[in-house]
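Going by our numbering, the final residue of the sequence shown carries number 1611, and the count climbs one at a time with no gaps.
In what follows, a structure is listed as structure tokens, so that the remarks can point back to it.
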Amino acid sequence: MIMNERAKKIGWWLLILALAALSFSGCAGGKKAVKPVSVMDNPDHHFNNGMKFLDKEEYDNALAEFERAKALDPKYGKAYMGIGLVKGFKGDFDNAFKAMKEAKKLDGILADIGMIRLYSLQRSGEWLKKAEEEFEAGKKKDASNPALYFYMGKAYKVAFEFDKAATCFKKVLELNKEFLEQANQEWALLQKIQRAAPGTKIGKQIALIDKITRGDVAALFIEELNLEKVYKARKPKEYDSSFKPPEGVAMAADTVATLPPAMDIANHPLKADIEAVIGLGVRGLEPFPDHTFAPGMVISKANYAMMVEDILIKVSGDEGLATRFIGQNSPFPDVRSDHYAFNAIMVCTTRGIMEAKLDGYFGLNESVSGADALLVIRRLKDELRY
């Protein structure tokens, strides 16, 4: 009888030990790790591949790599962080945060960084405050982790907290570890934005765009440059001396249906700004002959120079600017003196409103970033003295 009781106790202890062993050999969720099929079939290798795919926006391939890393080691926190990021980039934030919470149980600071990235993607509610809380939690674990400062800088940037973002990127450079190249690029961008000092929300939003469009420029001219007010203040009053029929008498032409200047902006979020700039008749921002404005068309530096020259002429009243440099030699290897935008480019560069590149080329057909466009507007304001 006593032996039977002892046997039962031993059996129970063996069962407990077996369950404990299972819990350690299994995963978060109880899954057992799969066996690798080669030396390179390991969690770190698959995680690194997944991050490369993530950077290239190949989300399905990234997810497959992270899932393989998790299968090889169910307690590999980086795998859950990667899965969370993929879900976040796909807009599935419920599952993104679930995965990131699993990562928090296994790899603290990495999950803190992942949470900052998720909040920066989601941007709902008090997302910035939550990101800052993760940032502070991460600093307590490792105050010299460059990724922590880099992604908090990115969070501040998309929140338009440009000064705080600059401080974070500067910290990355001071740490002199990883993310140096990316942080240097971000730091340079923020310096431009800080010099341009956008004063409107739309200006701050456009400041972060890599390649601005015709619609973006219309918004910048109306909102940041306040072009309607400038034109009204500087232009002499115009009087309409054209013939008008007696009141109540309609001319035949009046009965003919006319098309709107631009038929492709009805549902565009910047419709009001586009219509305003069309009304002002800025050269280079007119509607096309087919009555379209093409608000999504990316502009070049040459296009932008022509727009700025036109504003200078109209505000200053100096018509001679339109031909000031005709017949002169071009100082830029990529701009011929007979190019249609040559005079505009010279007007802008000789006044310091626009700049050539470090190699001496103007970058005739290159796109214009939002930060560069805002800098031009800042210098244009200085030139016009308002």
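All C-beta atoms, glycine included, are put in the ideal place defined by N, C-alpha and C.
message: Distance check for K1312 and Q1320, CA to CA, integer angstroms please.
response: Before going further, note that residue 1320 is Asn rather than Gln in the sequence given. Approximately 7 angstroms between the Cα atoms of the pair.
- request: Evaluate the contact criterion for the segment 1261-1268 versus the segment 1298-1316: three or more CB pairs, one atom per stretch, below 8 angstroms.
  value: Flag = yes, the segment 1261-1268 and the segment 1298-1316 touch.
message: Quick check: F1394 and P1371, are their CB atoms within less than 8 angstroms of each other?
response: Cβ atoms of F1394 and P1371: not closer than 8 angstroms.
message: Strictly by DSSP, which residues pair up with T1438?
response: Beta-bridge annotation (DSSP): T1438 is paired with V1523.
message: On the CB-based measure, 16 or more other CB atoms within 10 Å of its CB, does I1341 come out buried or exposed?
response: Per the 10 Å Cβ criterion, buried.
- request: Indicate the three-state DSSP secondary structure (helix, strand or coil) for S1541 in the structure shown.
  value: Three-state result, S1541: helix.
- prompt: What residue from K1582, F1513, V1507 and R1420 has the CA that sits closest to A1596's CA?
  reply: Closest by C-alpha distance to A1596, out of K1582, F1513, V1507 and R1420, is R1420.
task: Measure from the alpha carbon of R1549 to the alpha carbon of each residue in E1386, C1573, R1603 and K1582, then state which is nearest.
output: Per the Cα distances, C1573.
Three-state secondary structure assigned by DSSP to W1238: Any reading at W1238 needs caution, since the residue's pLDDT is 48, under 50, leaving its predicted position unreliable; the model's value is listed next. The answer is helix: DSSP assigns W1238 an H, G or I state.
- request: Output the residue ranges of the alpha helix (DSSP H) runs that lie fully inside the segment 1367-1453 and measure 4 residues or longer, sorted by chain position.
  value: Every alpha helix (DSSP H) stretch that sits fully inside the segment 1367-1453 and reaches 4 residues is listed by chain position as 1371-1383, 1387-1400, 1405-1421, 1426-1432 and 1439-1444.
- prompt: Is the segment 1327-1345 close to the segment 1375-1387, with three or more CB pairs under 8 angstroms?
  reply: Judged by Cβ distances under 8 angstroms, the segment 1327-1345 makes contact with the segment 1375-1387, as three or more pairs qualify.
field: Reference Q1430, options L1599, K1257 and K1389, closest by Cα
entry: For Q1430, the closest alpha carbon among the candidates L1599, K1257 and K1389 is that of L1599.
message: Taking DSSP's pairing of strands, which residues face C1562 in a bridge?
response: For the record, residue 1562 in the displayed sequence is Ser; it is not Cys. Paired residue(s): none; S1562 is not in a bridge.
message: Contact defined as beta carbons within less than 8 angstroms: I believe A1443 pairs with L1495. What is the distance between those atoms, to the nearest angstrom?
response: Rounded to the nearest angstrom, the Cβ distance from A1443 to L1495 is 6 angstroms, consistent with a contact under 8 angstroms.
- prompt: Helix, strand or coil: which one does DSSP assign to S1349?
  reply: In this structure, DSSP gives S1349 a state outside helix and strand, which the three-state scheme calls coil.
message: Given a cut-off of 8 angstroms on the beta-carbon distance, is the pair V1502 and I1447 in contact?
response: Against a cut-off of 8 angstroms, the Cβ pair of I1447 and V1502 comes out as a contact.
task: May I ask you to check if the CB of A1444 is nearer than 7 angstroms to at least one heavy atom of the ligand ADP?
output: For the ligand ADP, the structure offers nothing, since it holds no ligand at all.
field: Exposure of N1409, with buried meaning 16 or more beta-carbon neighbours within 10 Å
entry: In the assembly as shown, N1409 is an exposed residue. Its beta-carbon has fewer than 16 other beta-carbons within 10 Å.
message: To the nearest angstrom, how far is the alpha carbon of E1282 from that of V1455?
response: Taking the straight line joining both Cα atoms gives about 43 angstroms.
query: Which residues bound the alpha helix (DSSP H) around I1308?
result: Looking at the DSSP string, the run of the alpha helix (DSSP H) that includes I1308 is G1302 to F1314.
field: Proximity to G1521 [Cα-Cα], best of K1436, V1540 and D1559
entry: Checking every option, the nearest Cα to that of G1521 belongs to K1436.
- request: State the DSSP-derived secondary structure class of M1226, mapped to helix, strand or coil.
  value: Interpretation of M1226 is limited by its pLDDT of 46, a score under 50 that renders its predicted location unreliable; the figure taken from the coordinates is listed afterwards. Three-state result, M1226: coil.
- request: Output the distance between the C-alpha atoms of F1249 and A1258, rounded to the nearest integer angstrom.
  value: Confidence at F1249 is low in this model, with a pLDDT of 37, below 50, so the placement of that residue should be treated as unreliable; the coordinate-derived value is given next. Each residue's Cα considered, the two are about 11 angstroms apart.
task: Can you say whether Y1586 is buried or exposed, counting buried as having 16 or more other CB atoms within 10 angstroms of its CB?
output: The residue is exposed, with fewer than 16 neighbouring Cβ atoms inside 10 Å.
G1378 to F1387 span [Cα, whole Å]: The straight-line gap from Cα to Cα measures roughly 9 angstroms.
query: Under 8 angstroms, do K1571 and V1601 count as touching if we go by C-beta distance?
result: Going by the sequence as given, residue 1571 is Met instead of Lys. Cβ distance not < 8 angstroms, so M1571 and V1601 don't count as in contact.
- prompt: How would you write the range of the alpha helix (DSSP H) that F1272 sits in, first residue to last?
  reply: Element bounds for F1272: P1268 to D1280.
message: Checking the sheet assignment: what are the DSSP bridge partners for S1592?
response: Its beta-bridge partners are S1525.
- prompt: By a C-beta neighbour count over all protein chains shown, 10 Å radius and 16 as the cutoff for buried, is K1365 buried or exposed?
  reply: By the beta-carbon neighbour count (other beta carbons within 10 angstroms, threshold 16), K1365 is exposed.
- request: Specify, as a first and last residue, the run of the alpha helix (DSSP H) that I1570 falls within.
  value: In this chain, the alpha helix (DSSP H) harbouring I1570 covers F1567 to T1575.
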